[in-house]
Amino acid sequence: MSDQTLQKELENIEVTDTLQACPIDFSQSKVANPRAHQKQKEYDNGKDKSNFNEREKFSAYQGPQFKARFTDDTLPVTPNRYRLIWSRHCPWANRIAIGIDLLGLDQVISNGIVDPLRPAGVVGDWFFTLDDGDVDPVLGIHSLGEAYRLADPSYDKRTTVPALVDTQTGKVVNNDYNNLIKEFALAWQEYVPETAPDLYPKNLRSDIDALSDIILMDINYAVNEAGHGRSQADYKNGMTKYLID
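Start counting the sequence shown at 83; every next residue gets the next number (the working numbering).
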């Protein structure tokens with residue numbers, strides 16, 4: 083690593099991908115959900131069922147469950163085969179969507195956006211209620227969880243964004259939010275225009291990896307921790323613990 087400042091900062095953090103990737107429960111926020119803390123109707127779309135008054139909030143930490151890669155030829159690099167599912171509210175998902183656009187890969191990788199507000203009581207899934215008919219126009223599904231369960235019928239954890247879905251099978255193939263953009267930068271060069279920036283230059287990769295880990299733990303994770311706050315004290319604690327220290 084050429085940047086000694088990054089090396090020093092990296093030594094001060096414990097890097098892990100077992101984080102709470104975008105689990106923020108907006109259903110209890112009076113700003114996001116005016117019905118919060120009131121009697122809620124049961125939600126049932128035939129596949130996913132939940133009730134705000136009976137459910138328990140997800141609290142367990144959870145890392146990426148699907149890590150198939152392009153760089154080891156596990157996933158074929160095929161244009162117009164993959165669809166990135168993301169949410170505008172999520173710092174992990176935003177970085178992938180922005181990276182794809184910067185690389186010019188938005189011409190060969192489509193994207194779908196889930197609603198950041200879940201139906202009241204639904205904590206572990208994301209829904210396509212921003213699309214006509216509440217259905218993703220390419221995948222033909224109502225919830226991201228359907229793609230997760232196609233990949234693993236026994237999947238019972240939270241569904242997280244970003245998630246890369248194989249449109250040929252409808253299955254999630256990668257939700258590794260901290261490494262997915264490197265996969266695109268390295269393996270999809272054939273489809274990157276000459277005018278696109280080099281997001282992962284070879285001589286800077288060790289420094290980029292170090293900075294990425296620091297951003298992951300001290301910025302992205304800090305935002306998530308603050309989002310979990312149920313009081314000003316909780317919010318301040320999250321900000322102090324990560325951003326200020």
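Glycine included, every Cβ here is placed at the ideal spot set by N, Cα and C.
Query, Result
"Beta carbon of ALA175 nearer than 8 Å to that of PRO219", "no"
"Enclosing alpha helix (DSSP H) for TRP174 [first to last residue]", "173–184"
"Minimum C-alpha distance to CYS172 - residue among VAL196, ILE182, LEU226, ASP300", "VAL196"
"Three-state secondary structure (DSSP) of ASP197", "strand"
"Closest Cα partner of VAL97 within the set GLN314, LEU298, ASN261", "LEU298"
"Alpha helix (DSSP H) segment containing LYS90, residue limits", "86–93"
"Local Cβ density within 10 Å of LYS264, reported as buried at 16 or more and exposed below that", "buried"
"Straight-line gap, LEU221 to ASP300 (C-alpha atoms, nearest Å)", "35 Å"
"Buried or exposed by the 16-neighbour rule on C-beta atoms within 10 Å, applied to ILE178", "buried"
"Meets three-Cβ-pair contact criterion under 8 Å: the region 266–275 and the region 184–195", "yes"
"Beta-carbon gap between ILE149 and ASN256 smaller than 8 Å", "Rather than Ile, the amino acid found at residue 149 in this sequence is Lys. Yes, these two residues count as a Cβ contact at 8 Å."
"First through last residue of the beta strand (DSSP E) which encompasses TYR273", "Where TYR273 is concerned, there is no enclosing beta strand (DSSP E), given that its DSSP letter is neither H nor E."
"Proximal residues to SER236 (C-beta, below 7 Å), its chain only, five neighbours per side dropped", "none"
"Pick from TYR303, ALA315, GLU228 that is closest to GLY145, judged by C-alpha positions", "TYR303"
"Helix, strand or coil at LYS284 [DSSP, three-state]", "helix"
"Proximal residues to MET83 (C-beta, below 7 Å), its chain only, five neighbours per side dropped", "GLN89, SER288, ASP289, ALA292"
"Three-state secondary structure assigned by DSSP to ASP248", "strand"
"Rounded C-alpha distance that separates LYS253 from PRO198", "21 Å"
"C-alpha gap between ASN162 and TYR317, whole angstroms", "42 Å"
"Closest by C-alpha distance to ILE95, when choosing among ASP295, GLN314, SER313", "ASP295"
"Where the beta strand (DSSP E) containing LEU166 begins and where it ends", "164–168"
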